[in-house]
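Notes follow once the structure below has been shown.
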Amino acid sequence: MNLKLHSLFLMLLTLKIAFGEITEETERIVEDAVLRALDSLTANVDSRQEHSSEQIIVSQQANSESKIAQFTGEVLEEATRILVEEFGMDILPMANEVINKWKNEEEEAISETTTQPSDSIRSKRNAVIRPKRQANNRRRRCFSPPTDCNNRFHTTTRAITGLCNNRQNPELGNSVSQLRRLMGGASYADGLGRIRTRSANGEELPSARLISNTIHDDRANQVFSPSINHLHMIIGQFIAHDVIFMPSSVARDGGALDCSACNAARRVSANCAPIPVPRNDPYFRTPCMRLTRALNGQENFGVRTQIGQNSHFLDLSTVYGSADCEAETVRSFQDGKMLTFDDLGYTLPPQNLNDSNCQSFAPLHCFTCGDFRNSLHPALIPGAHSYIHTVFIKEHNRLANQVKSARPRMSDEQIFQLVRKIMIGMWQHIVYNEYIPKYLPQRTIRNFGLRPLRNGVHRGYSASQDPSITAEYAGAAFRFGHSQARFDFPRLTEEGRPAGNFDLGHDIFYADQNYLAGIGGWEPVMNGMVRMPAMKSDRYFSFGIRNQMFEIRGRNGSGVDLVSINIQRGRDMGLFPYVQYRQLVGLPQVNSFSDLNTTMSRENIQALRNVYSDPEDIDLYVGIMLEEPLAGGQLGPTASFMIGEQFKALKTGDRFFYESIVEGTDNFTQEEIDEIRNKVSLAKLICTNMDFAERINSDIFDHRSRQVECSSLREINIEKFLR
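The sequence shown lines up with residues -20 to -1, 1 to 703 when you count with mature numbering (1 follows the signal peptide of the UniProt record, and there is no 0).
Here it is in structure tokens:
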């Protein structure tokens, strides 16, 4: 087709779409692209060895629903490429009108309100239409919530998946749903999904590992926070695991991709994005570091899009899960309680005998929780009644016992859902009342309306607010906590005496540290978390973070550099360069490195000059980690804005938010809200669920704060929640 005829053809198609007409020719073009995409993907599978026979640690394992999303996304990605090559980008809106038409016809066919399309037509369309969640649930044996968002279940109960939190748009914030983007679009080399590799001036972009070595090595700059303790970093990770889970792409058979080789993108899978390692690297001896691209979950023709596998809400997905079947693996189904492992004389989550990531050998198994990353490192699973997953599981069971005692006739399901509701309310209060004020300045908290109310209720819920996690928050801003991580995790006795430590880099996905009952269980770990400082939140990262993440013991260099991963992940996700986000935040435009002096020190600007050839190339993660912190906060203006915006969305876009009262929703009453806001604290939660704790820091995230008696901290009255 010559250029004039091509332009005329597109113009005619555009006019017909504008008048609500999708022609048979338009559908034929789209169907042809879909079939060719399917053929191309099949041919690529036949010609590649996509996965390795060796064990690969995958910290972001895709579940079955995510794998379905990947298949749909990859068909759409390839079909998009075909359409753009032949007709240009202008055809994509028309192609998406066709998909919308197909989706409507499919819904009508399911409800049997119209004649169903033929099997041959439906087979083409099903390749680009993800199955509705309820269709999947019909094949499950475990509980599935009603699909009608006006059903009483969705009035009284927060669905595990997040489904129907927004009744007008039931998929918003749902598990296995798309991330949103602050800038609307994405920054890819081809405008669609190919990772940027070239500088603004045409040169090759520096390797993420080169940037990490040049800017982020902490060997000469190990500075501890003057006030923030290590517990703050761990709680930040717990928040991240609650709301962020971007699954990694998988091979066509569902196995893990081996993206270690430098040519893996060509020889193994286009979903590989290995990171070049500089010659004479101080730690790694391989030419490239493995990285699998985040799973593509796009649902329309156009740009590659990442998904969140967990629900996007602050709802303790880490404890309860984000899929119905997943949730059932952590419940005892007796008196509303959660499963536990108590064989060691103290409580741990139940053991997981089939964790493919677990590096410990039987009987030192890893654990089953709502989020499989619970065994990422021991601080997330301290035993001996101490911390994080364990403390939330123990508190759930403690409250469940109180409810059962007060209301013996309540069923297991009724007790479980009531206690889960209370636990989520407590968690949200801890995040907004205690965690956020430790790193966001008061001005940011005020501007985004994040401060909990002293009295009254929040009436700011908005069904038009998209609560979904942003790509910028997930891929850059909320990864600031990685710089807080110490190389070691000190243990302290109740009296504050050293009791040994363990190294971060040697214990990733190893569970043996959780079984050391002989040194006092995990109360010494908790003491160390509370009383010892975190690293200062800055551009420097500890040795374990930069060299030993997911390393197998005895095999130096078998892991990855998390800082390099963060930088490359931003490119994988199509995040725009840092300087473009400055304008979104309201900072001055940057035309030269010198223009960065409004938010960065001279030393940090020079560090950027040493590795980037143009300020337009600065990766978002690198830029935000080099900003000077705002007065009264731990972060610079760009990260503060992105995080503040996200927590506002999680508050105003959550129909079940603990301070909210929304018509037609069984929220907490005023009295119940007051019980949470006046009595709940992380310090009390920890004290209550440790066997031997008598005193704890008055400011739970300040290692310098005075200690108070645990008995002096107030405890919620469960009777207030029994109606």
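For every residue, glycine included, the Cβ atom is placed at its ideal position computed from N, Cα and C.
For this session: With a threshold of 7 Å, establish whether the CB of residue 506 neighbours any heavy atom of the ligand NAD.
Result: The ligand NAD is not part of this structure, which contains no ligands at all.
Problem set entry | Neighbourhood of residue 118 by C-beta, 7 Å cutoff - its chain only, sequence neighbours within 5 removed | Counting from one through the sequence shown, the residue named residue 118 turns up at place 138. Bear in mind that the predicted position of residue 118 carries a pLDDT of just 38, short of 50, making it too unreliable to give a figure here.
For this session: Within the same chain, show all residues whose beta-carbon is closer than 7 Å to that of residue 230, passing over the 5 residues directly before and after it, in chain order.
Result: Locating residue 230 in the sequence shown gives position 250, where the first residue counts as 1. Hits under 7 Å: 42, 47, 50, 236, 237.
Problem set entry | C-alpha distance - residue -3 paired with residue 77, whole-angstrom precision | In the sequence shown, residue -3 corresponds to position 18, counting from 1. In the sequence shown, residue 77 corresponds to position 97, counting from 1. Reliability of the predicted coordinates at residue -3 is poor, the pLDDT of 46 falling under 50, and no value is obtained from them.
For this session: Determine the DSSP secondary structure at residue 684, reduced to helix, strand or coil.
Result: Locating residue 684 in the sequence shown gives position 704, where the first residue counts as 1. Note: residue 684 maps to coil in three-state DSSP.
Exercise. Just how far apart, CA to CA, sit residue 600 and residue 703?
Worked result: Taking the sequence shown and counting its residues from 1, one reaches residue 600 at position 620. Taking the sequence shown and counting its residues from 1, one reaches residue 703 at position 723. A direct Cα-to-Cα measurement between residue 600 and residue 703 gives close to 49 Å.
Exercise. Which residue from 547, 144, 165 puts its Cα closest to that of residue 157?
Worked result: Counting from 1 along the sequence shown, the entry for residue 157 is found at position 177. Nearest neighbour of residue 157 by Cα position, chosen from 547, 144, 165, turns out to be 144.
Exercise. The alpha helix (DSSP H) spanning residue 513 covers which residue range?
Worked result: Start at 1 with the first residue of the sequence shown, and residue 513 comes out as number 533. Bounds of any alpha helix (DSSP H) do not take in residue 513; it lies within the beta strand (DSSP E) bounded by 513 to 515.
For this session: For residue 33, collect the residues of the same chain with a Cβ closer than 8 Å to its Cβ; drop the 5 residues on either side in sequence, then sort them by chain order.
Result: Counting from 1 along the sequence shown, the entry for residue 33 is found at position 53. Only weak support exists for where residue 33 lies, its pLDDT of 43 falling under 50; the coordinates are left without a value.
Exercise. Going by DSSP, which residues form a beta bridge with residue 288?
Worked result: Within the sequence shown, residue 288 is the residue found at index 308, counting from 1. BP columns for residue 288 point to 157.
For this session: Report the three-state DSSP secondary structure of residue 557 (helix, strand or coil).
Result: In the sequence shown, counting from the first residue as 1, residue 557 sits at position 577. In this structure, residue 557 counts as coil in the three-state DSSP scheme.
Problem set entry | Any 3 or more C-beta pairs closer than 8 Å across the region 125 to 141 and the region 294 to 303 | yes
For this session: Could you name the residues that DSSP lists as bridge partners for residue 252?
Result: Counting from 1 along the sequence shown, the entry for residue 252 is found at position 272. In DSSP, residue 252 forms a bridge with 272.
For this session: Please say whether residue 661 and residue 414 have beta carbons closer to each other than 8 Å?
Result: Along the sequence shown, one-based indexing puts residue 414 at 434. Along the sequence shown, one-based indexing puts residue 661 at 681. Closer than 8 Å, so yes.
Problem set entry | residue 417 in three-state terms, based on DSSP | Looking up residue 417 in the sequence shown gives position 437. Residue state, collapsed to three classes: helix.
For this session: State whether the region 192 to 205 contacts the region 10 to 22, with contact taken as three or more CB pairs (one from each stretch) at a distance under 8 Å.
Result: For the pair of segments examined, the region 192 to 205 was found not to touch the region 10 to 22: the number of CB pairs separated by less than 8 Å stays below three.
Exercise. So, are the CB atoms of residue 681 and residue 208 less than 8 Å apart?
Worked result: Here residue 681 refers to the residue found at position 701 of the sequence shown. Here residue 208 refers to the residue found at position 228 of the sequence shown. Against a cut-off of 8 Å, the Cβ pair of residue 208 and residue 681 comes out as a contact.
Exercise. In the DSSP assignment, what are the bridge partners of residue 236?
Worked result: Translated into positions along the sequence shown, residue 236 becomes position 256. For residue 236, which the question treats as bridged, DSSP gives the partners 230.
Exercise. What's the gap between the Cα of residue 265 and the Cα of residue 228?
Worked result: Position 285 of the sequence shown, counting from 1, holds the residue named residue 265. Position 248 of the sequence shown, counting from 1, holds the residue named residue 228. For residue 265 and residue 228, the distance between alpha carbons rounds to 25 Å.
Exercise. For residue 209, which of helix, strand or coil comes out of DSSP?
Worked result: Counted from its first residue, the sequence shown places residue 209 at position 229. Three-state result, residue 209: strand.
Problem set entry | 8 Å CB neighbourhood of residue 377 in its chain, flanking five on each side removed | Locating residue 377 in the sequence shown gives position 397, where the first residue counts as 1. So the list reads 317, 318, 320, once near-sequence residues are dropped.
Exercise. Name the DSSP bridge partner or partners of residue 197?
Worked result: To locate residue 197, count along the sequence shown from 1; it is residue 217. Paired residue(s): 521.
For this session: Tell me residue 411's beta-bridge partners as DSSP assigns them.
Result: On the sequence shown, residue 411 is found 431 positions in, with the first residue counted as 1. Beta-bridge pairing links residue 411 to no other residue.
Exercise. Out of curiosity, what's the CA-to-CA distance linking residue 576 and residue 275?
Worked result: For this step, residue 576 is matched to residue 596 along the sequence shown. For this step, residue 275 is matched to residue 295 along the sequence shown. C-alpha separation (whole angstroms): 34 Å.
Exercise. DSSP beta-bridge partners for residue 178?
Worked result: The sequence position of residue 178 within the sequence shown is 198, counting from 1. For residue 178, which the question treats as bridged, DSSP gives the partners 184.
Problem set entry | Pairwise C-alpha distance: residue 154 and residue 449 | Here residue 449 refers to the residue found at position 469 when the sequence shown is read from its first residue. Here residue 154 refers to the residue found at position 174 when the sequence shown is read from its first residue. Taking the straight line from one Cα to the other gives about 10 Å.
For this session: Within 10 angstroms of the Cβ of residue 788, are there 16 or more other Cβ atoms? Answer buried if so, exposed if not.
Result: Look at the range of the chain in this structure, -20 to 703, and you will see that residue 788 is not part of it.
Exercise. What number of angstroms, rounded off, separates the C-alpha of residue 26 from the C-alpha of residue 285?
Worked result: Working through the sequence shown from its first residue, we reach residue 26 at position 46. Working through the sequence shown from its first residue, we reach residue 285 at position 305. Low confidence applies to residue 26: its pLDDT is 49, below 50, so where it sits in the model is not reliable enough to give any reading.
Exercise. When we look at the beta-carbon of residue 358 and count the other beta-carbons within 10 Å, is it buried (16 or more) or exposed?
Worked result: As a position in the sequence shown, residue 358 is number 378, starting the count at 1. Because the pLDDT of residue 358 is 44, which lies under 50, any placement of that residue in the model is unreliable, and the question is left without a value.
For this session: Can you give me the Cβ contacts of residue 571 inside the same chain, cut-off strictly under 8 Å, excluding the 5 residues immediately before and after it?
Result: For this step, residue 571 is matched to residue 591 along the sequence shown. So the qualifying residues of the chain are 595.
Exercise. Does DSSP classify residue 578 as helix, strand or coil?
Worked result: Your numbering for residue 578 matches position 598 in the sequence shown. Here residue 578 sits in helix by DSSP.
For this session: Write down the C-beta distance between residue 552 and residue 160 rounded to the nearest angstrom, noting that I regard them as a contact closer than 8 Å.
Result: Reading the sequence shown from its first residue, position 572 is the one you call residue 552. Reading the sequence shown from its first residue, position 180 is the one you call residue 160. In fact, because the Cβ distance is near 17 Å, the residues do not count as touching under 8 Å.
Exercise. Buried or exposed: residue 530, going by 16 or more other Cβ atoms within 10 Å of its Cβ?
Worked result: Here residue 530 is taken as the residue at index 550 of the sequence shown, counted from 1. So residue 530 counts as buried.
Exercise. For residue 178, which residues from the same chain have a beta carbon less than 8 Å from its beta carbon, with the 5 sequence-adjacent residues on both sides left out?
Worked result: The sequence position of residue 178 within the sequence shown is 198, counting from 1. Around residue 178: 169, 184, 185.
Problem set entry | Contacting residues, own chain, Cβ-Cβ under 7 Å from residue 644 (five flanking each side not counted) | As a working note, residue 644 is residue 664 in the sequence shown. These residues qualify, in order along the chain: 135.
Problem set entry | Minimum C-alpha distance to residue 397 - residue among 388, 408, 409, 383 | The residue labelled residue 397 in the question sits at position 417 within the sequence shown. Comparing alpha carbon positions, the residue from 388, 408, 409, 383 closest to residue 397 is 383.
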